[in-house]
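Going down the list, the sequences are from chains A and B.
First residue of the first sequence: 267, per this note's numbering; consecutive thereafter.
First residue of the second sequence: 267, per this note's numbering; consecutive thereafter.
Don't be surprised by glycine CBs; every beta carbon is placed ideally from N, CA and C.
Remember, it's a predicted structure, so these values are computed and weren't measured experimentally.
Notes to accompany the following structure.
Protein chains: 2
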Amino acid sequence: MPDDIKVNRRAGGLSRGQIIAAAIEVLDETGEEGLTFRVLASRLATGPGTLYWHIANKEDLLAEAADVMVRALPAPMGAPAEAIPQIALWVYDLLDAHPWLGGPLTRTPPPLALLRLYEALGRQLQALQVAPDRQFTGATLLGSYILSESRQNAANRAIGQDRTTFLDEVAASWQALDATDFAFIRSLSARLSSHDDRAEFLGGIALILNGLR
Amino acid sequence: MPDDIKVNRRAGGLSRGQIIAAAIEVLDETGEEGLTFRVLASRLATGPGTLYWHIANKEDLLAEAADVMVRALPAPMGAPAEAIPQIALWVYDLLDAHPWLGGPLTRTPPPLALLRLYEALGRQLQALQVAPDRQFTGATLLGSYILSESRQNAANRAIGQDRTTFLDEVAASWQALDATDFAFIRSLSARLSSHDDRAEFLGGIALILNGLR
DNA sequence: GACTCGTGTGGAACGGCGTTCCATATAGCG
DNA sequence: CGCTATATGGAACGCCGTTCCACACGAGTC
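Written out as structure tokens, the structure is:
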């Protein structure tokens, strides 16, 4: 299966692209754990064995699905100092709408989808005239923060129940911790459920950019 | 199974602590995927069903194992500006020695082990006189960067082969990317295999602290 | 137009997983 | 000395990713 260019000669034949598109549908509907080869095969009206002719394994499938999503990253507009928060928010909203992306994006080695993100961030750092030996650190820092926060936020709402009630429960469990061992955590718990996530998130981005200057 | 205080009355009885200790042994030897209830049970000379009397499920077991590891975090010494890199490096080395920690530490909601880490970082931020409304952002930023980098580094070496040859392969695959779409990534690939990970890592920490000032 | 062969197909089966079930054993208590 | 809650452990359940293999089809060759 060397090239994707080679199209299936069969009439109603399955293509790699169709499989990935169907996988994304299933992932959006039932999450990462809901995607199995059996349900995917039945949705495509075939058997599990057929899928393995087109894709190597589940890891491969997830990486490709993630890449499809990240390819939609729009070209940033405006000054670099504005473009970076713009990219950050785009990723934040992407993972909010498709929480399953959290898994496939954070693998070793970094999947292509993640490289696209780093590329976009790195270019803005270059445009910001960040010193070359700081670009690596800066891109890594931005990327890890963006992904970690987006993942966390996405996971919060993937639980199924309402996001605010979930955060309230977490805050309550933090309040129940030992008062001396977890003084700082407890002081955070009030802030946890009331704060504006996106504003908080953008604050972190601004902090990084501030440090890069 | 309300309290841990209640000790097994049986002679050679199994305790929750013994199970967790054995689990950590298996995890250190064979990684997260190597830990199954069957191998854990056979190591403890019992059946899988017995384990479920003492622990709720695998997630519970992993969270508790992670907590045991993070509890060993030493009390930071010296000025706060030195204590934070100190904590960061401790986590970095911990995950380097026990790569399986990467998984259990990054769950939703944040496991107790992770809260311990945030507590330690937050206290240093307070000592650094960081404004209260920036402590949350700062701790989150530090935590996400420390964990992400440590995880990445740990995963690199968990592959089995030598770390440098692994990074060389990654660098080569980056060089093979499209020259215009991935100009920034390609410019990074040279730096990837030659750089000093720990120095790079500390550079990122310094950058965050710089931004907080 | 028949033959053939590489390209696809799909359902059964494999081995392993987390977890549950249940018959059984044991230790403390009335 | 029974009784009962505690604790055990092996069998079994349902599901997973993946492999296997018998088979169908479409295009090139004579």
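Within its chain, find whatever has a CB closer than 6 angstroms to the CB of B:G279; leave out the 5 residues flanking it on each side and keep chain order.
As a working mapping, residue 279 of chain B is identified with position 13 in the second sequence. Answer for B:G279: no residue qualifies.
How far does the alpha helix (DSSP H) with B:V357 in it extend, from its first residue to its last?
Position 91 of the second sequence, counting from 1, holds the residue named residue 357 of chain B. Looking at the DSSP string, the run of the alpha helix (DSSP H) that includes B:V357 is 346-363.
C-beta neighbour in chain A for B:D270, strict 8 angstroms
Mapped onto the second sequence, residue 270 of chain B falls at position 4. Reliability of the predicted coordinates at B:D270 is poor, the pLDDT of 42 falling under 50, and no value is obtained from them.
Mind listing which residues of the stretch 322-334 of chain A have their C-beta closer than 9 angstroms to chain B's C-betas, in chain order?
Of all residues in the stretch 322-334 of chain A, none is placed with a Cβ closer than 9 angstroms to any Cβ belonging to chain B.
Hey, is the stretch 392-404 of chain A in contact with the stretch 456-476 of chain B, meaning 3+ C-beta pairs nearer than 8 angstroms?
yes
Specify the secondary structure class of B:F448 as computed by DSSP and reduced to three states.
For the purposes of this step, residue 448 of chain B is taken as residue 182 along the second sequence, with counting starting at 1. Of the three classes helix, strand and coil, the one that applies to B:F448 here is coil, per DSSP.
Going along the stretch 358-374 of chain A in order, which residues come within less than 9 angstroms of chain B, judged by CB to CB distance?
Those residues of the stretch 358-374 of chain A that come within reach of chain B (Cβ to Cβ, closer than 9 angstroms) are T372, R373, T374.
Just to confirm, are A:V334 and A:I286 a CB contact at a threshold of 8 angstroms?
Counting from one through the first sequence, the residue named residue 334 of chain A turns up at place 68. Counting from one through the first sequence, the residue named residue 286 of chain A turns up at place 20. Yes; because the gap between Cβ atoms is below 8 angstroms, this pair is in contact.
If we count Cβ pairs, one from each stretch, closer than 8 angstroms, do we get three or more for the stretch 297-306 of chain A versus the stretch 339-353 of chain A?
no
For the alpha helix (DSSP H) that contains B:L391, what are its first and last residues?
Taking the first residue of the second sequence as position 1, residue 391 of chain B is located at position 125. Where B:L391 is concerned, the enclosing alpha helix (DSSP H) starts and stops at 378-393.
At least one CB of chain A closer than 8 angstroms to the CB of B:T296: is that the case?
By one-based count along the second sequence, residue 296 of chain B stands at place 30. No, its Cβ sits nowhere closer than 8 angstroms to a Cβ of chain A.
Buried or exposed: which applies to B:R337, given that a residue is buried once 16 or more other Cβ atoms fall within 10 Å of its Cβ?
The count along the second sequence starts at 1 and reaches residue 337 of chain B at position 71. Exposed, since its Cβ has fewer than 16 Cβ neighbours within 10 Å.
Closest by C-alpha distance to A:R457, when choosing among A:G283, A:L433, A:D444
In the first sequence, the residue the question calls residue 457 of chain A occupies position 191. Ranking the options by Cα distance to A:R457, first place goes to A:L433.
Starting from B:A442, follow the alpha helix (DSSP H) in both directions and report where the run begins and ends.
Within the second sequence, numbered from 1, the residue matching residue 442 of chain B stands at position 176. Here B:A442 belongs to no alpha helix (DSSP H), and DSSP marks it neither H nor E.
Output the distance between the C-alpha atoms of A:P342 and A:Y384, rounded to the nearest integer angstrom.
Counted from its first residue, the first sequence places residue 342 of chain A at position 76. Counted from its first residue, the first sequence places residue 384 of chain A at position 118. Each residue's Cα considered, the two are about 13 angstroms apart.
Chain B within 8 angstroms of A:F450, Cβ atoms only:
By 1-based counting over the first sequence, the position of residue 450 of chain A is 184. Using beta-carbon distances, A:F450 counts as an interface residue toward chain B, with a partner under 8 angstroms.
Member of B:A288, B:L339, B:L408 whose CA lies at the smallest distance from the CA of B:L391:
For the purposes of this step, residue 391 of chain B is identified with residue 125 of the second sequence, where counting begins at 1. Taking only the C-alpha atoms, the option nearest B:L391 is B:L408.
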